[in-house]
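Visitor: With positions in the sequence shown counted from 1, the corresponding number in the numbering used here is that position plus 13. By construction, the Cβ of each residue, glycine as well, lies at the ideal position given by its N, Cα and C atoms. After the structure tokens below, expect a handful of questions from me.
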Amino acid sequence: PRTMKESVDLFRIGKAEINTNPDGIDLGGPFLETLSVLGILTREAQMDPNSSAFTQGVEIYREMLLATPAYVWLKSAGNTRSDQIAAGGQWLRLNLATTSLGLSLHPVSQALQEYPEMAKHYQAIHTLLAKPGETIQMLGRLGYGPQIPPSPRWPLEKKIRDA
């Protein structure tokens with residue numbers, strides 16, 4: 014529940030929430046907004062593994078992941094802060110390159126989280142994709158996706174200050 018709440022707290026359900034806080038997990042569009050208005054799509058329901066909202070969300074992701082034609086991962090020899098920053102730069106360049114080719118790149122890095130609740134998944138992904146001592150820094154889905162508009166962003170003046 015603690016780790017699941019971390020994501021649920023970042024949900025932005027409906028256009029008003031997305032525009033007010035454009036930095037979370039965007040759950041927008043007519044269908045999801047209708048579910049929210051009807052009280053079906055709520056943060057509480059997303060925290061309840063027995064709710065239909067939760068189980069449907071899991072099934073949507075399961076189908077999406079199984080339908081993905083290709084995955085890409087970045088790994089490093091270690092896991093220092095420098096390794097992590099270098100991987101971030103590599104990920105940005107990879108994203109730009111894939112976009113220039115008309116492809117889509119979607120991070121799916123949940124199994125790479127380094128907290129106790131994910132230890133089993135972290136170990137499994139490293140056993141599958143890395144040699145001993147290496148660290149999988151990023152994991153993503155790669156393929157052709159629909160054209161989507163830019164996501165909402167904070168105005169620059171909210172994030173950048175004069176020195």
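Near E130, which residues of its chain fall below 7 Å by C-beta distance, leaving aside the five closest residues on each side in sequence?
Guide: These residues qualify, in order along the chain: T16.
Visitor: Report the residue from K28, I38, A29, N32 whose alpha carbon sits nearest the alpha carbon of D22.
Guide: I38
Visitor: Is it the case that the segment 67 to 77 contacts the segment 123 to 139, given that we only count it when at least three CB pairs across the two stretches are under 8 Å?
Guide: no
Visitor: Between which residues of its own chain and I53 is the CB-CB distance below 7 Å, once the five residues before and five after are set aside?
Guide: A66
Visitor: For I73, count neighbouring C-beta atoms within 10 Å of its own C-beta (all shown protein chains included) and say buried if the count is 16 or more, exposed if not.
Guide: exposed
Visitor: Within 10 angstroms of the Cβ of T140, are there 16 or more other Cβ atoms? Answer buried if so, exposed if not.
Guide: exposed
Visitor: Counting pairs of beta carbons, one from the segment 148 to 160 and one from the segment 113 to 128, are three or more of them closer than 8 Å?
Guide: yes
Visitor: Report the option in A58, I26, T55 whose CA atom is closest to the CA atom of P43.
Guide: I26
Visitor: How would you write the range of the beta strand (DSSP E) that L40 sits in, first residue to last?
Guide: Run containing L40: 38 to 40, per the beta strand (DSSP E) assignment.
Visitor: Verify whether the separation of the beta carbon atoms of V85 and G153 is less than 8 Å.
Guide: yes
Visitor: Distance check for N34 and S64, CA to CA, integer angstroms please.
Guide: Going from the Cα of S64 to the Cα of N34 covers about 26 Å.
Visitor: CA-CA distance, E46 and K28?
Guide: Distance between the alpha carbons of E46 and K28: 8 Å.
Visitor: Any idea if I31 is buried or exposed, counting beta-carbon neighbours within 10 angstroms, 16 or more meaning buried?
Guide: Under this definition I31 is a buried residue.
Visitor: Can you give the Cα-Cα distance for A83 and K18, rounded to whole angstroms?
Guide: 29 Å
Visitor: Please confirm whether T148 and G91 have their CB atoms less than 8 Å apart.
Guide: Note that the C-beta distance between T148 and G91 is below 8 Å.
Visitor: Pull up the distance between the alpha-carbon of K171 and that of L155, whole angstroms please.
Guide: 33 Å
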